[in-house]
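If you read the sequence shown in the UniProt record's numbering, its first letter stands for residue 1, the second for the next number, and so on.
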Amino acid sequence: MTVIGFHNSHEQVHPSDLLRAVQHAEQVGFTAAMCSDHLEPWNERQGHSGFAWSWLGAALATTGLPFGAVNAPGQRYHPVIVAQAIATLGSMFPGRFWVALGSGEAMNEHVTGHVWPNKELRDARLRECVDVIRALLAGEEVSHEGLVTVDRARIWTLPEQQPALIAPAVTARTAARHAEWADGLVTINQPHDTLREVIDAYRGAGGRGTLTIQVHVSWDPDPDRALALAHDQWRSNVFPPPLCWDLDTTRAFDQASTHVRPEDMHDAVRISSDLAQHAAWIQEYVDLGFDQVYLHHVPKDQIPFLDAFGEHVLPQLDVTSPAPAVAIDPPGPAEPLRPEQTPQPAVLP
């Protein structure tokens with residue numbers, strides 16, 4: 001049985017409309033939800049950037065769904081603030097919140113005025129942030145000097161169980177690197193061979209927990225309109241790494257996507273007016289081994305999509321609710337703490 005969730009794109013939809021959409025998603029049979037966390041949209045036509053953490057409180061309080069969010073600690077967000085946000089949602093909504101911690105994109109992070117690090121440095125910074133966040137969620141007082149700095153931080157309101165910290169990865173190399181700390185893996189729709197490589201790299205490096213995929217889809221009863229809507233909203237998202245990580249403004253993405261043709265969209269988005277085809281595509285991801293499939297309808301209008309998929313697609317799939325989103329025996333820091341660093345405050349290496 002597979003979790004079929006609804007992805008909420010803050011870059012594309014006003015937060016009030018998005019809240020109504022996720023409430024409707026629950027009503028029509030979706031069993032989970034997740035959301036992005038952006039400061040900028042990917043292109044001018046998307047036009048929104050609601051603050052994910054404010055919205056998550058409202059969404060969790062007005063539905064019974066479990067939620068995940070994608071976050072990039074280390075530059076725009078200090079890891080202590082991220083830990084506090086995770087702890088509060090985990091305390092208020094036990095077992096219903098998880099967060100995927102990634103190394104981020106320049107378009108959201110450049111606003112701090114700091115240099116955008118290379119991928120190796122960003123991954124190292126992320127690893128430090130994960131250690132800080134885990135220690136804080138365990139109730140420790142934390143000081144840390146490194147790629148991020150923490151001075152005697154402590155989170156006072158703690159969940160009974162740590163929410164799951166998930167590793168986002170679009171390449172096998174990243175999946176393997178993050179396997180040591182993650183409670184699960186989340187990726188996006190790519191060619192099946194690439195997805196197998198990502199899964200194998202994660203599991204081969206000892207990665208545990210659930211396998212989750214976010215699938216970009218475009219549906220409309222008119223096939224030409226389904227393609228046109230995908231091209232309008234998502235043509236700025238067809239670029240592979242490192243370009244998608246390193247372009248630094250919405251304007252830059254618009255300029256880069258000027259020559260993307262409608263027919264080029266099929267590699268990035270599952271586009272069809274045929275609901276049976278969409279169900280078959282989702283089943284393919286289940287057959288690859290994914291425990292959770294989150295559907296992101298890239299056109300802005302969510303309600304017709306939710307109604308159509310709720311009535312015609314979800315019944316074709318073996319849909320279930322997810323298990324509680326809690327950490328799996330949280331691993332320790334990247335290196336053991338030295339004896340002189342105990343008792344608390346714990347100074348992470």
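Idealized CB from N, CA, C, for every residue including glycine.
Residues near residue i by beta carbon distance below 8 Å, same chain, minus five either side
i, result
"Pro41", "Glu11, Gln12, Gly47, His48, Ser49, Thr250"
"Thr62", "Leu19, Gln23"
"Ala252", "Met107"
"Leu275", "Trp219, Ala308, Phe309, His312, Val313"
"Asp329", "none"
"Ile188", "Val170, Ile213, Gln214, Val215, His216"
"His278", "Val217, Trp219, Arg270, Ser272, Phe309, Val313"
"Ala85", "Trp53"
"Val198", "Ala169, Val170, Thr171, Ala172, Ala175, Leu185, Thr187, Gln190"
"Asp224", "none"
"Ala228", "Pro262"
"Thr112", "Gln75, Arg76"
"Arg196", "Leu288"
"Leu56", "Cys35, Phe67, Ala69, Leu89, Phe97"
"His114", "Gln75"
"Cys244", "Glu105, Asn237"
Sheet register partners of residue i (DSSP bridge)
i, result
"Gly5", "Ala32, Tyr294"
"Thr210", "Gly184"
"Pro73", "Tyr77"
"residue 352", "Coverage of the chain is limited to positions 1 through 349, which leaves residue 352 absent and any answer about it impossible."
"Arg270", "Val217"
"Val82", "Answer is none; Val82 lacks a bridge partner."
"Val286", "Answer is none; Val286 lacks a bridge partner."
"Val326", "Pro163"
"Glu319", "Sequence inspection shows Val at residue 319; the Glu mentioned does not correspond to that position. According to DSSP, Val319 bridges with Thr2."
Cβ shell of residue i (< 6 Å), same chain only, five flanking positions each side left out
i, result
"Gly90", "Phe97, Pro159, Pro163"
"Pro322", "Val3, Ala32, Pro66"
"Gln302", "Ala21"
"Glu145", "none"
"Ala201", "Ala172, Ala175, Ala176"
"Leu39", "Ser49, Asn108"
"Met1", "Asp318, Thr320"
"Gln7", "It is His, not Gln, that sits at residue 7 in the sequence shown. So the qualifying residues of the chain are Met34, Gln214, Tyr294, His296."
When the options are compared against residue i, the one with the closest alpha-carbon
i, options, result
"Ser273", "Phe290, Gln283, Val217", "Val217"
"Leu126", "Ser103, Gln190, Gln255", "Ser103"
"Asp131", "Trp116, Asn118, Glu120, Leu147", "Leu147"
"Ala52", "Ala135, Ser36, Thr171", "Ser36"
"Val300", "Arg203, Val3, His14, Thr2", "Going by the sequence as given, residue 300 is Lys instead of Val. Here the closest residue by C-alpha is His14."
"Thr194", "Arg177, Tyr285, Phe30", "Tyr285"
"Pro241", "Asn118, Thr149, Cys129, Arg196", "Asn118"
"Leu121", "Gly74, Val293, Ala327", "Gly74"
"Gly29", "Pro324, Ala325, Leu295, Ala327", "Leu295"
"Asp232", "Leu165, Arg154, Glu44", "Glu44"
"Ala59", "Ala72, Glu26, Val80", "Glu26"
"Ala135", "Val82, Gly5, Thr112", "Val82"
"Pro304", "Ile155, Ile282, Pro221", "Pro221"
"Phe93", "Phe290, Thr149, Gly64", "Gly64"
"Ala72", "Ala230, Gly57, Val99, Val293", "Val99"
"Ile133", "Ala153, Thr258, Val115", "Ala153"
"Trp156", "Ala230, Thr88, Val150, Phe6", "Thr88"
"Val260", "Phe239, Gly5, Cys244", "Phe239"
"Gly5", "Gln292, Pro324, Gln316, Pro315", "Gln292"
"Val101", "Pro324, Pro315, His110, Glu128", "The sequence shown places Leu at residue 101, rather than the Val named in the question. For Leu101, the nearest C-alpha among the options comes from Glu128."
"Pro324", "Gly68, Trp55, Ser9", "Gly68"
"Pro79", "Leu137, Phe290, Leu211", "Leu137"
"Arg203", "Phe290, Ser9, Val115, His114", "Phe290"
"Thr258", "Ser236, Leu243, Cys244, Leu211", "Ser236"
Own chain partners of residue i with C-beta closer than 7 Å, once the 5 adjacent residues on each side are dropped
i, result
"Pro234", "Residue identity differs from the one stated: residue 234 is Trp in this sequence, not Pro. Contacts found: His216, Met265, Ala268, Val269, Val298."
"Leu247", "Ala106, Met107, Phe253, Ala256"
"Thr342", "Per-residue confidence for Thr342 stands at a pLDDT of 33, beneath the threshold of 50, marking its modelled position as unreliable; the derived number appears in the next sentence. Contacts found: none."
"His178", "Ala167, Ala169"
"Ala124", "Leu147"
"Ser16", "none"
"Val326", "Gly95, Gln161, Gln162, Pro163, Ala164"
"Gln283", "Leu317"
"Asp151", "Ser143"
"Gln344", "Interpretation of Gln344 is limited by its pLDDT of 36, a score under 50 that renders its predicted location unreliable; no figure is taken from the coordinates."
"Trp281", "Arg270"
"Pro339", "Since pLDDT at Pro339 reaches only 33, below the 50 mark, its modelled position is unreliable, and the value read off the structure follows with that caveat. Around Pro339: no qualifying Cβ."
"His110", "Trp116, Asp248"
Near the ligand GDP: residue i beta-carbon under 6 Å from a heavy atom
i, result
"Gly50", "Judged by which ligands are present, the structure shown has none, so any question about the ligand GDP falls away."
Every unbroken alpha helix (DSSP H) within the stretch 149-178, with a cutoff of 4 residues, ordered by chain: 172-178
Any beta strand (DSSP E) of 3 or more consecutive residues that is wholly inside the stretch 11-61: 32-35
Inter-stretch contact (C-beta, 8 Å, three-pair minimum) for the stretch 176-184 and the stretch 198-211: yes
Runs of alpha helix (DSSP H) wholly within the stretch 104-146 (minimum 4 residues, chain order): 106-109, 119-137
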